[in-house]
Amino acid sequence: MEINQKIQRMKRFTSFRVIAILFLFLFSQYTFLWSQTITLSGNVLTIKSAFAEIEEQTDMSIDYDESVINLHRKIDTAIDGKSLEETMNILLKGTGCSFVVKNNHIVISANAKDTGKSLTVTGVITDEHGDPVIGVNVVEKGTTNGCISDMDGRYSLDVQANSVLQISYIGYISREIRVNNQKVINVQLTEDTQNLEEVVVVGYGTQRRKDLTGAVSSINTSEIQSRSVPSVAGSLQGKMSGVMIQETGGDLTGRFQFSVRGTGSVTGSNDPLLIVDGVPLFNNDLSTLNTKDVVSVDVLKDASASAIYGARASNGVVIITTKRGQTGKPVISFSMDLGFENIAKRYEVLTTDQQRRLFVEAFKNTNRNPEVYENINDPVWQIQTDWQDLGTRTGVRQNYNLSVQGGSENNKYAISGSFSRRLGTMKNSDLNEFFLRANNDISIGKRLKIASSLSGAHQRQNKLSNDAWGSGAYQRLISSHTYLPAYDETGDFFAVTSAADPYFGENSNPLINQLMDVNKENSSRMMASIKLDYKILDDLIFTVNTGADLGFVNGYRYLPVYKYGRYTRTEGSTTNTSKETINWVTEATLQYSKTWKKHSLSALIGASAQQYVVKQTSTTGTGTIDNSLDQLSNQTNFTATGTSVTSALASTFVRLNYSFNDRYLFTGTVRRDGSSKFGPDKRYGIFPSISGAWRMSEEAFLRDVDFLTNLKLRVGYGLTGNQNIGDFAYVTRAGASPYIWGNSMVVGNSSVNMGNPKLQWESAQQFNVGLDASFLRDRLSVVIDYYDKRSKDLLIQTPVPYIAAVTENPYVNLGSVQNRGLEVGINSRNIETKKFSWTTSFNISFNKNKVLDIGTNALGEPLQIPGENISLPNDFANLTKEGHPVGAFYMYQFDGIWQKNEAEEAALFGAVPGDPKFVDRNNSKSLDTGDKDFVGSPLPTYFGGFTNTFRYGPFSLNIFFNFAGGNKIYHAMRNLNARAVPFNQQLAEVADFWTENNPSNTIPRPSQGGNTTFLATRVSTNYLEDGKYLRLKNVSFSYALPKAFLTKLNISDATVSVSGANLVTFTKYTGLDPEASSTTSLLSGGIDYTPYPSTRFYSFSLQLSF
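Numbering of the sequence shown is given in full-length UniProt numbering, commencing with residue 1 and proceeding in unit increments.
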């Protein structure tokens, strides 16, 4: 309530005050303009020299077209102390020209010839190579009179003699040409390949790239849609320097984890702020956004670029813009993508006979009777079940998209709809998606513009019961023994009736749960926004933007009753979950822009109010014994939970841009945010930034360097914030707490957490220096940035003693983290001819992460935060500590296998030859926690990608690689399935286990229990692997059908293409995918439990335009 009241007072006060000040300023400027006097001296004056004199004596710039005025015309009238208006009238008398004043510019144009005469204009429209362009819209400006070019690029149109032709076509820069009584006007169109690179979307507006003073990475629609990936986030992987994107796995929707310029927070979120068409999203889920609708993605990386978003910008800002309408006849586009996918890599496991021999050796080594396993004639050893094959299949993807774009100058629209279906590679997993979008731009008069966006998405998914922490569906397929059949002689699921030998260990049938359990999720999302731009004056624009983001997720999970051998579920269980999120935002800005002579000024002031409402419920019922009674109402015992949380953010902000001579650029930003996530005394934070740029290529000493097109130096410094924690951590909350009372379970209430009223913003100070350079008329461009980002007052959850009796560790502000890095982006047009072109894009980013300070514990000792315990054994692999990266790997150092000649030394450690050996760091002659050490980081120290695009006539080939390295991956699957313990099916590498006759130094002697198993399951570098990789991420080959052929079918464009994704990976990592991550926790990063396996995908695509 306090924040909302302050928002209202602030909006009323600041808006009226700023408008009044700007009105007075503009009025004074306008009055001063016409009160200036002009004196022109000299024996012989020309129009050109007179214009130069006026620019010197006033603050005005004079703009003209040399083709409409004779600049060498002599002036024979003396001008002494006359007003500017009188002077201009004298100079232009008899020239056939007139003038208007706009933004301190005197604009001269030819007088309109209102003859009313009409004529027929004809011509040919070609591209840069001289080839005809078919289907170009040619419209007489201000009318509905128009036509389109034919198959030869020719057009013919009856127009007024003094009219203006508007020529537009998708993919080309629009042109306006004055007729001036010309009967033949041939037009050459230029491809619009640079347009989005020249104009960049920044906070609350756009800027020309050459005017940027901050670090911004951008990607346009052609790059996004050149890859056969179903998600927006996936299409960005490896495309932008400083932006690391990892697939987190788990389901088919394609969830990704963003990281912009490293890991700045420890236990808080590191997700950047995501904004779609001006609406900040309530989470980082882009799976509900149709890739075909996206026209550009801009990432604000440094503080000077992102500080306008203040409290939510410490992890960067990702701004996504969707397609808008265009002037001209409707353009209908249809696309279809069909493809199939297979698991890119499988685990090789021991054969049944190899697993049998492993049992024999393991039982011998642990004094158990191996007799059953020595009987090679037992029919069980003839079974060779391929669980990975039985639990997977060839996946299928389909996507259909239909869109319409068009409109008039005053009413433009873009409407699209899409349907996609994905049959997962894991059996019993599939996904259906529906997308709708309608964008509209309306102009009312010359002052008011209204832009609206409305989109909806619906997803229906069958999910696996997939626990990423070691019990996922795919992991179970690997761990089940190959000598167990999948089905019995009746075709029903096979299951053992006893755990006696030879069915000791992991003897369950993994298909039972994978195929019988039901886990459905239906989600819907609707986003709507409306923006009003009102031009109060030519230099002053008032904008109001209101948006809402609504999400609804309903889950249904049923665990059925079954009885298969010794595996029985006697009663069913139904769980219904629901989540409702309501996110609305209202923002108002006032922008003043003015240009005079060599100066350019833009000022923005604004206010923002945002509110999040999240409601969640979960109800579980048990008791049914009939699988046909699978609804919640059929159950008899119930457990329910629910939460409802509301949080709000209130903000004011100011930004000032100034440019002198288009050469020296300055930007200053200040934002003040108030968040309900923090206590009343710590609620507000101020986040300033300042940056500047010097366009050195405009200096005289570089202007004549022929090979240099542009050279700009950028420097910036600023402060941004992070509030990404749970709501109301500053207060102590109560929650339901079941406990035993007598012989009954009763439910009471207890404290959930320990509130911290002093909790405040996490902030990030960032320094950035960058260099933008282009050479050879932009054929080669380079962008280099160095940054130093230091996050302080980290929002950290610190462990408390069990006696505190809370379920959540409290949040405190402790310590700081540093990220330093270098980013390089290179784009080159290597070859450009009429028929052939070759372009290359390359980017690489280096980042070094380090915890500078993390506070102390109650004893005054430096705090250490361990990662999650690994299920087998109960040990952690990560530790966050001062002087090391966040979530650094901390474990025993594997030192090979004890050999026979080391028996005496091994005995000191309680080991025997064949057991794993570890480095004794503290020389204690025993394995203890003092032997653990920091052995690497899960965070890549470098990553990037490179693309080569070749075009020959109608053919196009796009090849994209991405890469990363400098990190380690803890291969948790090997800890379970490569330790020579036969309880679980072991991987093929275990066949080389240690024996006296095979003194392996990597695989220990087989064991089942005892000290050898204990040592083999230690979290050690034996299972830590190099995460470096180079991947052929995508290859696409396309062919544009001849336009002469398409015209007969009333089709303006048609392209067919074939593509492949995740084709080849070069890596030393032995897991399925070095790119996948099983956890989003930074404290436990880099641990691979084999989530939903990555796939190799092949597709065929068809794109049509009408």
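Glycine residues also receive a C-beta, built at the ideal position from the N, C-alpha and C atoms.
Being a predicted model, the structure only gives us computed values, none of them experimental.
Check	Outcome
Nearest neighbour of Ser-781, chosen from Gly-945, Arg-829, Ser-156 and Gly-755 [CA to CA]	Arg-829
Which listed residue (Thr-37, Asp-59, Gln-57 and Asp-76) has its alpha carbon closest to that of Ile-47	Asp-76
Own chain residues within Cβ distance below 8 angstroms of Val-372, not counting five before or after	Asp-378, Asp-501 and Pro-502
4-residue-minimum alpha helix (DSSP H) runs that sit fully inside the region 1008 to 1034, ordered along the chain	1010 to 1016
Contact check, Tyr-592 vs Ser-647, beta carbons under 7 angstroms	no
4 or more residues per run - each alpha helix (DSSP H) lying fully within the region 849 to 937	903 to 908
Spatially closest choice to Pro-688 from Leu-711, Tyr-717, Lys-712 and Thr-709, by CA coordinates	Tyr-717
CA nearest to the CA of Val-812, picked from Gly-81, Val-232, Leu-795 and Ile-826	Leu-795
Selected residue, minimal CA-CA separation from Glu-409, among Leu-590, Gly-445, Thr-394 and Leu-423	Gly-445
Nonlocal neighbours in the same chain, by C-beta distance under 6 angstroms from Leu-822, ignoring five residues either side	Tyr-786 and Phe-846
Boundaries of the alpha helix (DSSP H) in which Thr-1047 is found, first to last residue	1043 to 1047
Secondary structure of Pro-502, DSSP reduced to three states	coil
Same chain only: Cβ atoms within 7 angstroms of Phe-23, ignoring 5 sequence neighbours per side	Model confidence at Phe-23 stands at a pLDDT of 39, short of 50, so the residue's coordinates are unreliable; what they give is reported in the following sentence. So no residue of the chain qualifies.
Reduced DSSP secondary structure (H/G/I, E/B, other) of Trp-584	strand
Reduced DSSP category for Ala-1076 - H, G, I as helix; E, B as strand; rest coil	coil
Straight-line gap, Tyr-942 to Val-139 (C-alpha atoms, nearest Å)	51 angstroms
Residue from Trp-761, Leu-879, Ser-791 and Val-769 with nearest C-alpha to Ala-311	Trp-761
Pick from Leu-987, Asn-428, Ala-964 and Gly-965 that is closest to Ala-972, judged by C-alpha positions	Leu-987
Boundaries of the beta strand (DSSP E) in which Lys-968 is found, first to last residue	968 to 971
Range covered by the beta strand (DSSP E) that runs through Thr-120	118 to 126
Beta-carbon proximity list for Gly-896, same chain, < 7 angstroms, skipping 5 on both sides	Lys-917 and Asn-1001
Backbone secondary structure at Ile-1051 - three-state DSSP	coil
Per-residue DSSP class, three states only, for Tyr-664	strand
Reduced DSSP category for Phe-359 - H, G, I as helix; E, B as strand; rest coil	helix
Integer Cβ distance of Gly-325 from Gly-391, believed to fall under 8 angstroms	The pair is not a contact, with the Cβ atoms about 47 angstroms apart (cut-off 8 angstroms).
For Val-372, three-class secondary structure by DSSP	helix
The region 631 to 645 contacting the region 609 to 623, beta-carbon criterion three pairs below 8 angstroms	yes
Beta-bridge pairing of His-458 - partner residues as DSSP gives them	Phe-434 and Ser-524
Euclidean distance between Cα positions of Ser-218 and Asp-778	17 angstroms
In DSSP terms, what Arg-655 is bridged to	Leu-604 and Thr-669
Own chain partners of Gln-8 with C-beta closer than 6 angstroms, once the 5 adjacent residues on each side are dropped	In this prediction, Gln-8 has a pLDDT of 45, which is less than 50 and means its spatial position is unreliable; what the coordinates show is noted afterwards. Excluding positions up to five away in sequence, the list is empty.
When Tyr-664, Ile-690 and Gly-721 are compared against Lys-677, the one with the closest alpha-carbon	Gly-721
For Lys-323, the first and last residue of its enclosing beta strand (DSSP E)	Neither: Lys-323 is in no beta strand (DSSP E) and is coded neither H nor E.
Close beta carbons around Ser-118, own chain, < 7 angstroms, minus the five adjacent residues each side	Asp-158, Val-159, Gln-160 and Ala-161
Boundaries of the alpha helix (DSSP H) in which Tyr-474 is found, first to last residue	473 to 479
Cβ-based neighbour list, Gly-395, same chain, cut-off 6 angstroms, excluding 5 preceding and 5 following	Glu-341, Leu-423, Gly-424 and Thr-425
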